[in-house]
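**Student:** Sharing a structure with you now.
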Amino acid sequence: MSITVCTARLSYGGPGRLDITRSNALEHRNAGEVANGEVFAPDVDLFRAVRTGRMVVDLYLERYREQLERANHSIVKACLEGLYGDPLVGVCFCAPRVRVLTCHRTVWREFMVSQGAIDGRELPEEEQGPVRRVKPSRQGRLF
Ligand SMILES: [Zn+2]
0 MSITVCTARL
10 SYGGPGRLDI
20 TRSNALEHRN
30 AGEVANGEVF
40 APDVDLFRAV
50 RTGRMVVDLY
60 LERYREQLER
70 ANHSIVKACL
80 EGLYGDPLVG
90 VCFCAPRVRV
100 LTCHRTVWRE
110 FMVSQGAIDG
120 RELPEEEQGP
130 VRRVKPSRQG
140 RLF
C-alpha cells in the first residue's frame with residue numbers, strides 16, 4: 000500500500016495536514032506539539048541564505064533536495080506507512096502563483112513520490128482554505 004502525497008498552502012485545514020515550514024517549526028515545538036513536519040523544513044542556514052538573497056532560489060531548492068535525501072529515515076518511513084495521514088498534505092506559505100518554481104513543498108512532494116508515495120499533486124484551489132495576506136520576503140518571494 001502506498002499513501003498519496005499532496006501539497007497546499009498553509010491555510011489548508013483538512014486531514015493529513017503536515018506543516019513543513021521553517022518559520023512554524025519552532026512555534027509548534029514550543030506549543031508542545033510533535034512537530035512531525037519539522038524534519039522536512041528547510042535547514043535554518045539554508046532558509047536564511049535564500050531569504051536574505053545570499054543564495055539563488057535554484058541552488059536553495061537543490062540544497063533542500065539534498066537535505067531531504069539525508070532526512071530521518073524513520074520519519075519518512077512512518078509518513079509512507081500512513082501514520083501521519085493518507086493523503087498526507089505538505090503545506091507552506093507560498094500562494095499558487097508564486098509557488099511553481101520557487102517553493103519547497105513541490106520539491107518535498109517529488110521527494111516523497113521518489114520514496115514510493117503516489118503523487119496527489121497540488122490540491123485544487125477550493126480545498127486550500129482562504130488566502131491570507133502574508134508579508135513578502137525581501138526578494139518578494141515566499142517560502
Ligand atoms: Zn513554499
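What the sequence shown shows, in numbering that gives the first Met the number 0, is residues 0 to 142, in sequence order. Glycine included, every Cβ here is placed at the ideal spot set by N, Cα and C.
Ends of the alpha helix (DSSP H) at Asp57?
**Tutor:** On the sequence shown, position 58 is the one that residue 57 refers to. Residues Val56 to Glu68.
**Student:** Under 6 Å: does the beta carbon of Arg62 sit that close to some heavy atom of ligand 1?
**Tutor:** Position 63 of the sequence shown, counting from 1, holds the residue named residue 62. No, since every heavy atom of ligand 1 falls outside the 6 Å radius drawn around the Cβ of Arg62.
**Student:** Can Arg16 be considered in contact with ligand 1, in the sense that its beta carbon sits closer than 6 Å to one or more heavy atoms?
**Tutor:** If you number the sequence shown from 1, residue 16 lands on position 17. The answer is no for Arg16.
**Student:** By the three-class DSSP mapping on this structure, what secondary structure does Leu25 have?
**Tutor:** Locating residue 25 in the sequence shown gives position 26, where the first residue counts as 1. Residue state, collapsed to three classes: helix.
**Student:** Taking a contact to mean a Cβ-Cβ separation below 7 Å, would you say Arg104 touches Gly84 in this structure?
**Tutor:** On the sequence shown, position 105 is the one that residue 104 refers to. On the sequence shown, position 85 is the one that residue 84 refers to. No; because the gap between Cβ atoms is not below 7 Å, this pair is not in contact.
**Student:** Provide the residue(s) that pair with Cys91 in DSSP beta bridges, ordered along the chain.
**Tutor:** Within the sequence shown, residue 91 is the residue found at index 92, counting from 1. DSSP output for Cys91 lists Arg8 as bridge partner(s).
**Student:** Just curious, the beta strand (DSSP E) that Glu121 is in, first and last residue?
**Tutor:** If you number the sequence shown from 1, residue 121 lands on position 122. Segment Ile117 to Glu121, the beta strand (DSSP E) holding Glu121.
**Student:** Taking the C-alpha atoms as reference points, what is the distance between Ala70 and Glu125?
**Tutor:** Position 71 of the sequence shown, counted from the first residue, corresponds to residue 70. Position 126 of the sequence shown, counted from the first residue, corresponds to residue 125. Rounded to the nearest angstrom, the two C-alpha atoms are 32 Å apart.
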